[in-house]
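Residue numbers (the UniProt record's numbering): 1 to 296. A virtual CB, placed ideally from N, CA and C, is assigned to each residue, including glycine. Quantities reported herein were computed from a predicted structural model and do not represent experimental measurements. Okay, so here's the structure we're looking at.
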């Protein structure tokens with residue numbers, strides 16, 4: 001015999017309050033609806049549970065026996081529901097994407113301290129993948145650098161970080177304390193020009209570098225290490241955030257500030273379709289740690 005737990009709770013309420021009117025008030029449902037539910041429950045149990053009179057509702061022998069067993073049944077159901085909720089929370093997961101050089105450890109530590117049952121996965125995201133990974137749900141949130149095509153994403157500004165140019169240490173201008181945009185025009189740019197819009201490149205050097213042969217050589221730059229290897233080989237230059245430079249110290253490369261280059265803008269990006277219950281907490285924590293995240 002299947003027992004409808006909702007109707008069983010209604011039965012217990014009527015039994016404990018001695019009538020339908022008071023039970024209906026406690027349950028916050030209409031008395032006629034409660035009466036129908038109890039009548040249907042009696043049909044399902046194939047037993048009369050109450051005798052009705054103008055004084056209220058009295059338990060029958062079958063009703064008394066059911067009332068004796070009901071608390072154990074309801075407690076077992078509540079316990080099972082709590083266990084299932086715990087399992088569900090234990091399997092919940094949040095994936096945070098982050099661009100290179102953005103230190104998100106303080107945010108992750110605070111988040112896990114208040115959400116101990118939530119698994120947090122961290123995924124390093126390249127500049128080309130920031131928007132797509134967030135739109136497709138590969139990551140729940142992405143700590144990204146502008147510019148990138150937002151594709152309707154929600155953008156929360158966090159902080160700005162100074163950028164530096166990576167130069168081969170053998171080049172004379174590497175010994176200058178500051179470098180101007182004019183100093184850099186004779187170098188090939190080893191990154192998409194929209195990332196350094198201040199550095200106009202009328203020769204289309206980036207396009208040559210990325211897509212064609214230059215002096216019989218074809219270069220590819222799939223990672224920061226590869227880009228810096230090209231810089232050290234005097235194939236060109238790259239403008240990167242100061243934190244990224246700090247992560248890649250090299251004797252054959254010198255990092256210099258560039259007068260006139262705007263700072264890198266760090267933002268938190270997420271999809272407006274994201275229904276994660278932890279999204280609001282992540283945004284709040286990110287804004288709270290904004291000052292600590294400043295690297296330049």
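Exposure of residue i, with buried meaning 16 or more beta-carbon neighbours within 10 Å
i           : result
residue 178 : exposed
residue 230 : buried
residue 214 : Confidence at residue 214 is low in this model, with a pLDDT of 39, below 50, so the placement of that residue should be treated as unreliable; the coordinate-derived value is given next. Counting Cβ neighbours within 10 Å, residue 214 comes out exposed, since fewer than 16 surround it.
residue 220 : Any answer about residue 220 is weak, because its pLDDT of 48 lies below 50 and its placement is not dependable; what the coordinates show is given next. Its Cβ having fewer than 16 others within 10 Å, residue 220 is exposed.
residue 54  : exposed
residue 249 : exposed
residue 168 : buried
residue 43  : exposed
residue 20  : buried
residue 209 : Note on residue 209: pLDDT 42, under 50, position unreliable in the model; the coordinate value appears next. Looking at its Cβ environment, which holds 16 or more other Cβ atoms inside 10 Å, residue 209 is buried.
residue 289 : buried
residue 37  : buried
residue 191 : buried
residue 23  : buried
residue 79  : exposed
residue 241 : buried
residue 57  : buried
residue 123 : exposed
residue 131 : buried
residue 113 : exposed
residue 33  : exposed
residue 129 : buried
residue 99  : buried
residue 30  : exposed
residue 243 : buried
DSSP bridge partner residues for residue i (one or two, in chain order)
i           : result
residue 56  : 53
residue 122 : 96
residue 157 : 267
residue 180 : 259
residue 242 : According to DSSP, residue 242 bridges with nothing at all.
residue 173 : Answer by DSSP bridge pairing: none, since residue 173 is not bridged.
residue 164 : 240, 257
Residue i in three-state terms, based on DSSP
i           : result
residue 257 : strand
residue 111 : helix
residue 210 : Caution applies to residue 210, whose pLDDT of 41 falls short of 50 and renders its modelled position unreliable; the value that the coordinates give is listed next. Three-state result, residue 210: helix.
residue 73  : helix
residue 38  : helix
residue 187 : coil
residue 280 : helix
residue 143 : strand
residue 132 : helix
residue 46  : coil
residue 61  : helix
residue 81  : helix
residue 194 : helix
residue 216 : Since pLDDT at residue 216 reaches only 36, below the 50 mark, its modelled position is unreliable, and no value is offered.
residue 205 : Residue placement at residue 205 cannot be trusted, given a pLDDT of 44 that sits under 50; what the coordinates show is reported in the next sentence. In the structure shown, residue 205 sits in a helix (DSSP, three-state: H, G or I).
residue 16  : helix
residue 273 : coil
residue 103 : coil
residue 11  : helix
residue 223 : coil
residue 117 : coil
residue 66  : helix
Contact belief for residue i with residue j at Cβ below 8 Å, rounded distance in angstroms
i           : j           : result
residue 283 : residue 156 : 6 Å
residue 173 : residue 143 : That belief does not hold up - the Cβ atoms of residue 173 and residue 143 are roughly 33 Å apart, past 8 Å.
residue 8   : residue 74  : 7 Å
residue 198 : residue 264 : That pair is no contact at about 12 Å.
residue 239 : residue 261 : 6 Å
residue 97  : residue 133 : 5 Å
residue 186 : residue 235 : Incorrect: roughly 13 Å between the Cβ atoms, too far for contact.
residue 246 : residue 166 : Actually they are not in contact, since the Cβ atoms of residue 246 and residue 166 sit about 12 Å apart, beyond 8 Å.
residue 258 : residue 182 : Not confirmed; about 10 Å, so no contact.
residue 5   : residue 77  : 5 Å
residue 141 : residue 255 : Actually they are not in contact, since the Cβ atoms of residue 141 and residue 255 sit about 29 Å apart, beyond 8 Å.
residue 237 : residue 184 : 6 Å
residue 60  : residue 49  : 6 Å
Minimum Cβ-Cβ distance from residue i to chain D less than 9 Å
i          : result
residue 11 : In the structure shown, chain D cannot be found, because there is only a single protein chain.
Stretch-stretch touch, CB-based, cutoff 8 Å, three pairs: the segment 145–161 with the segment 103–121: Counting Cβ pairs under 8 Å, fewer than three are found: no touch.
Three CB pairs or more closer than 8 Å across the segment 8–24 and the segment 62–70: Because the criterion of three Cβ pairs below 8 Å is met, the segment 8–24 and the segment 62–70 touch.
Stretch pair the segment 269–289 + the segment 122–142: three plus CB contacts closer than 8 Å: Taking a cut-off of 8 Å on C-beta distances, the segment 269–289 touches the segment 122–142, as three or more cross pairs fall below it.
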